[in-house]
Amino acid sequence: MTQDKLNPVHPGEILAEEFLKPMGLTPEQLASDIGVNITQLDKIIAEKEGMNADMALRLARYFGTSPRFWTGLQADYDLDVTSEYLGNRLEQEVKPRAVAAG
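When you line the sequence shown up against our numbering, it's residues 384 to 485, in that order.
So, in structure tokens, the structure goes:
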């Protein structure tokens, strides 16, 4: 049995697909409403940049979510991407520390 692995989901994709589109918001309107440069927001939506704490706080206030929702999406994305990048190397390169008998 093969296990299909889902591609990591970037916070920019969540922002675009789960917030902007259903609410009929444009990136330009959101950028204006939250006081950021459209270029900065576009880079996140295009998955060229990650979600930083400043943006997470602004989006959380605007959408009534938690800042940790946004930073959590970024952390999950980073872990998934890095895990894929490392592959089996992590198990080969890092040996768990033995626990001393107490």
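By construction, the Cβ of each residue, glycine as well, lies at the ideal position given by its N, Cα and C atoms.
Predicted model, so just to flag it, every value in this text is computed and none were measured.
CA-to-CA, the gap between A443 and G470 works out to about 33 Å. By the criterion of at least three beta-carbon pairs nearer than 8 Å, the region 462–477 is not in contact with the region 399–411. Cα atoms of A399 and K426: separation of roughly 12 Å, rounded to the nearest angstrom. Only residues of its own chain outside the window of five on either side were considered, and among them A414, E432 and M438 have a CB closer than 8 Å to the CB of Q423, listed in chain order. For T454, same chain residues with a beta-carbon under 6 Å away, outside a window of 5 residues either side, are A439 in chain order. Rounded to whole angstroms, the separation of the alpha carbons of I421 and N435 is 15 Å. Here E432 carries a coil assignment [DSSP, helix/strand/coil]. Between Y460 and H393, the gap from beta carbon to beta carbon is short of 7 Å.
For A429, the closest alpha carbon among the candidates V482, E396, Q412 and G447 is that of E396.
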